[in-house]
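Have a look at the structure below, then the notes.
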Amino acid sequence: MRFPAEGGGPRLAAAVLLAVALGGCNDLLGLALQHLVSPGRVLPGYTPAGEVSGGRVPVREVQTGRVGWLDRDGALVVAPRFSEVGRFAEGLAPAAGAEAAGWGFVDAAGAWVVPPRYDMAQPFSEGLAAVRMGGLWGYVERRGQWRVPPRFDDAHPFRAGRARVLVAGRWGYLDRQGRWVARPTFHRATDFAAGVATVCEAARCGVLDEGGRVVGPHRFEDIGPFAQGLAAARQGGRWGYVDRRGAWVVPPRYDEAAPFAEGLARVGRWRRGSDHPVYGGYTGERLFHGFIDAAGRERVPLALAGATSFQGGLARVQLHQAFTTDGNVTAFLRPDGTLGLGRWDQAGEFHDGLAWVAWQGRTFLVDASDTRLLELPGAYGVPNEAEDRTPDHLVEGFLDRDGREVIAPRFVQAQDFSEGLAFVNLAVGPDGRLAAQSRGWLDRRGRLVAPMAPPIAPLAPLSEGLAPARGPLDAPAPVGFLDRRGAWVVTPRFEAAGSFSEGLAAAMAPDVPEERAWGYVDRRGRWVVPPRFRAAGPFSHGLAYVEAVTGGHALRRSLVGPDGRERVREPELPALARHLGFAGTPPHAATLAAGPGGGLVPVRIGPRLALGWVDASGRARPAPPTWVALLPAHGGRAPVAVRGGEPGEARWGLLNDGGRLVVPPLFTRVAPFSEGLAAARDEVGRWGWITPAGRWAIPPAWLDEAGAFHEGRAAFALNGRWGYLDRAGRWVVPPRYVRAADFSGGLARVSSTRQRPR
């Protein structure tokens with residue numbers, strides 16, 4: 194163990210002696226060193242800006258927001274002048290100019306080798322780099338010349354002479370000349386390694402050779418990438434490892450398995466607690482991690498609360514933090530199972546022998562021996578290692594049910610069509626410039642029929658002939674209601690407002706304490722239910738969700754009728770929030786999109802707030818103790834989550850309107866029914882659509898997300914792109930859009946990429 198020259202002395206010696214006296218407690222010694230070891234060089238005014246690479250440490254200057262590089266000793270070698278940077282590879286790093294000029298490539302001195310001109314750029318690999326221009330990806334050489342012109346929705350680095358690219362939601366493979374090795378037909382795919390890759394068709398997975406040929410039948414439920422000659426594969430609900438021929442080397446016996454790295458693979462198994470002298474004691478059912486070698490021998494016992502794969506000779510692991518009540522901490526694990534002395538709140542991966550760590554509001558750069566080389570005072574946290582490949586500069590347009598772009602994507606902002614009109618804002622021309630006079634109500638033929646001058650803007654689509662809208666800045670209050678002509682029917686006088694439904698709209702009164710500011714108004718803006726709620730949602734089936742603060746300052750949740758009187762007490766908020774698209778309490782009523790759908794309404798009953806439901810007669814009924822979540826009923830069926838089955842995860846089934854379980858809990862997720870079908874996810878993680886009897890109407894396939902049916906079409910996402918399918922499962926619109934909304938009035942709003950608006 195190497196220590197800095199400062200920060201030791203008698204206090205450090207005393208801490209070490211205390212730890213030895215207590216039996217060499219690794220936790221206590223680590224905690225003592227956290228506070229007594231010198232942080233090394235201190236560099237104020239900067240935060241971490243990415244992973245270490247090529248001997249360079251990217252940092253962001255707090256004052257300007259610009260990025261530069263330090264060397265390993267903490268000296269500034271490239272002054273901050275970039276907005277974003279990537280990692281160095283083959284002597285170059287992608288970087289974005291500070292003046293929004295786009296991405297290019299710089300050398301170790303920060304000089305431009307390829308000037309900034311791309312929408313996005315990835316590091317070089319095998320002499321080529323993936324770059325995006327005009328919304329599509331291609332590959333360039335080291336001087337910026339195109340090797341493969343941009344024509345893909347996504348592109349990954351070359352590995353072993355092959356690159357994985359995305360076209361209309363499916364993966365294929367290219368050679369270095371841009372020729373197809375395997376055409377884009379795969380729902381899932383991994384990069385090549387040692388002449389093989391793994392791929393998944395709609396529902397089954399297998400191995401692909403370097404010529405693009407399938408090695409044996411696709412017989413696995415799931416499969417990971419090849420690394421060190423082996424790939425994790427799932428069969429019968431368990432994970433093991435297969436070789437290049439698809440033969441089992443480590444039989445499937447784990448609940449989780451990661452790729453091999455540096456001779457070891459992280460595996461996981463659900464267990465009911467663990468008590469390990471080094472890795473800590475845990476109670477309750479959870480997934481424990483350990484590491485095996487290529488022969489399947491256990492090298493690190495499955496007793497870790499969490500772990501990442503090895504990188505740079507170390508793996509990050511989660512440990513119970515002894516002597517405190519602050520939960521788990523992160524430490525670094527060596528391949529022999531021993532732990533480093535450092536204990537951190539957060540820790541990044543090691544690159545070039547260095548990693549960012551954070552502890553008690555401070556951020557450090559450490560080496561593999563946990564020595565702090567650099568502190569960035571005032572910064573807290575490590576860089577996000579996830580690579581953001583989401584296109585920016587999106588424009589929106591509209592499709593018909595056959596997938597025709599009846600209004601081509603050209604608007605910076607658009608709302609869904611409702612009652613024949615949609616609000617649009619700022620059209621983008623073919624040259625990327627913004628067009629004047631391009632905001633207001635748009636009809637279905639793409640004509641601007643009611644122009645609106647800024648800052649007037651509808652907050653939601655038309656509903657019952659009116660839309661809540663923000664008025665002129667000099668109005669007494671910001672929100673009123675517009676009609677189809679763009680004229681004020683209710684002049685702006687509310688702090689906020691939602692859409693009309695069943696003749697009423699939630700509105701927030703000005704100059705009223707926030708905990709009782711919401712009520713309901715009629716079409717003339719008159720209070721029907723005076724403001725007394727903290728939050729108020731739209732009406733559906735004669736009920737609306739509200740929150741009120743009682744005299745004892747407790748929060749009371751209810752479903753109320755049009756007169757404002759309580760009909761249902763304590764509806765089950767988490768289930769309602771998920772049903773309405775939220776996580777937690779909605780921030781204000783204007784965000785609520787729909788009310789409960791009738792039939793069973795989830796509630797919390799009694800002093801212990803046990804899960805139950807209110808049936809159509811208004812009677813509250815308790816749910817069995819094994820039920821952990823319940824969604825409102827639609828189409829005579831209510832999804833319910835039941836504890837049991839696989840450890841650590843509930844399974845979903847279906848209730849009828851009487852609260853009887855009519856479809857057993859077979860699914861890992863079920864969404865509410867719409868037009869007779871509901872999206873459901875099977876135990877492997879594939880999405881399909883089921884009937885009210887629980888049978889697959891559209892068989893499960895590898896999809897990112899599955900939406901509800903509206904007007905005979907359901908949106909679905911595959912590899913980050915959205916499309917639409919019909920009730921037979923046919924792809925009416927291949928997944929080629931960045932976003933896709935539900936159909937409304939025969940049209941659906943979609944988002945695509947275009948040149949930057951100027």
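Counting in our numbering, the sequence shown runs from 194 upward without gaps.
Just so it is clear, CB atoms sit at the ideal spot from N, CA and C, and this is done for glycine as well.
Open item on the list: Check this for me: beta carbons of Pro764 and Val794, under 8 Å apart or not?
Closed with: Yes. Within cutoff.
- [ ] Could you please give me the residues that DSSP links to Tyr472 through a beta bridge?
- [x] BP columns for Tyr472 are empty, so no partner.
Open item on the list: According to DSSP, is Arg709 part of a helix, a strand, or is it coil?
Closed with: Reduced to three states, the DSSP call for Arg709 is helix.
Task: Presumed contact (8 Å Cβ cut-off) between Ala910 and Ser867, rounded CB distance - done: 17 Å between Cβ atoms; not a contact.
- [ ] Can you grab the Cα-Cα spacing for the pair Pro343 / Leu507, in whole Å?
- [x] 38 Å
TODO: Return the chain-ordered ranges of every alpha helix (DSSP H) run that is complete within the stretch 426-512 and spans a minimum of 4 residues.
DONE: none
Open item on the list: Using a Cβ distance threshold of 8 Å, determine whether the stretch 598-618 contacts the stretch 562-575, with at least three qualifying pairs required.
Closed with: no
Task: With 16 other Cβ atoms within 10 Å as the buried cut-off, status of Trp711 - done: buried
Open item on the list: Taking the straight line between their C-alpha atoms, what separation do you get for Ala643 and Ile600?
Closed with: So the alpha carbons of these two residues sit roughly 17 Å apart.
Open item on the list: Please classify Ser733 as buried or exposed, where buried requires at least 16 other C-beta atoms within 10 Å of its C-beta.
Closed with: buried
TODO: Check Met645 in the structure and name its three-state DSSP category.
DONE: coil
- [ ] Could you tell me the distance, in whole angstroms, from the CA atom of Phe385 to the CA atom of Gly691?
- [x] 51 Å
Task: N-terminal and C-terminal residue of the beta strand (DSSP E) that Gln338 is part of - done: First-last for Gln338: undefined, no H or E at that position.
Open item on the list: Taking a contact to mean a Cβ-Cβ separation below 8 Å, would you say Glu449 touches Arg465 in this structure?
Closed with: no
- [ ] Output the distance between the C-alpha atoms of Glu657 and Leu675, rounded to the nearest integer angstrom.
- [x] 11 Å
Open item on the list: In this structure, how does DSSP classify Trp364 when only helix, strand and coil are distinguished?
Closed with: strand
- [ ] For the stretch 808-823 and the stretch 873-892, state whether three or more C-beta atom pairs, one from each stretch, are separated by less than 8 Å.
- [x] no
Task: Three-way DSSP call (helix, strand, coil) for Tyr573 in this model - done: In the structure shown, Tyr573 adopts coil according to DSSP, grouped into three states.
Task: Sequence-distant residues of its chain with Cβ nearer than 7 Å to Leu269 (five each side left out) - done: Gly261, Leu263
- [ ] Would you list the one or two residues that DSSP bridges to Leu804?
- [x] Arg797
Task: Beta-carbon spacing of Leu847, Val855 below 8 Å - done: Contact: yes.
Task: Same chain, Cβ closer than 6 Å to Gly757, neighbours up to 5 away in sequence not counted - done: Val722
Task: Separation of Gly730 from Ala158, as counted between CA atoms - done: Only positions 194 to 951 of the chain appear in this structure, which leaves residue 158 out of reach.
TODO: For Asp415, write down the residues that DSSP places opposite it in a beta bridge.
DONE: Arg427
- [ ] Give the DSSP bridge partners of Pro832, in chain order.
- [x] Paired residue(s): Leu847.
TODO: Between the Cα of Leu627 and those of Val605, Leu614, Arg638, Leu641, spot the shortest distance and give me the residue it belongs to.
DONE: Val605
TODO: Excluding the 5 residues preceding and the 5 following Gly279 in the sequence, name in chain order all residues of the same chain whose CB lies nearer than 6 Å to its CB.
DONE: Ala286, Pro287, Pro316
Open item on the list: According to DSSP, simplified to helix, strand and coil, what is Phe593?
Closed with: It is Asp, not Phe, that sits at residue 593 in the sequence shown. Three-state result, Asp593: strand.
Open item on the list: Quick check on His228: buried or exposed, where buried means 16 or more other Cβ atoms within 10 Å of its Cβ?
Closed with: With a pLDDT of 42 at His228, under the threshold of 50, the predicted position of this residue should be treated as unreliable, though the coordinate-derived value follows. It counts as exposed.
- [ ] Please determine, among Trp634, Asp368, Arg762, the residue with the shortest C-alpha to C-alpha distance to Ala803.
- [x] Out of Trp634, Asp368, Arg762, Arg762 has the C-alpha closest to the C-alpha of Ala803.
Open item on the list: Using 8 Å as the threshold, is the C-beta distance between Gly388 and Ala353 below it?
Closed with: yes
Open item on the list: Here's the rule: buried if 16 or more other CB atoms are within 10 angstroms of the residue's CB, otherwise exposed. What is Val235?
Closed with: exposed
- [ ] Could you check the C-alpha separation between Phe525 and Gln539 for me, to the nearest Å?
- [x] 11 Å
TODO: Pull up the CB-CB distance for Pro528 and Leu457, whole angstroms please, since I reckon it's below 8 Å.
DONE: 6 Å
Task: Beta-carbon proximity check, Arg914 vs Asp346, cutoff 8 Å - done: yes
TODO: To the nearest angstrom, report how far apart Gly590 and Tyr930 are at their CA atoms.
DONE: 11 Å
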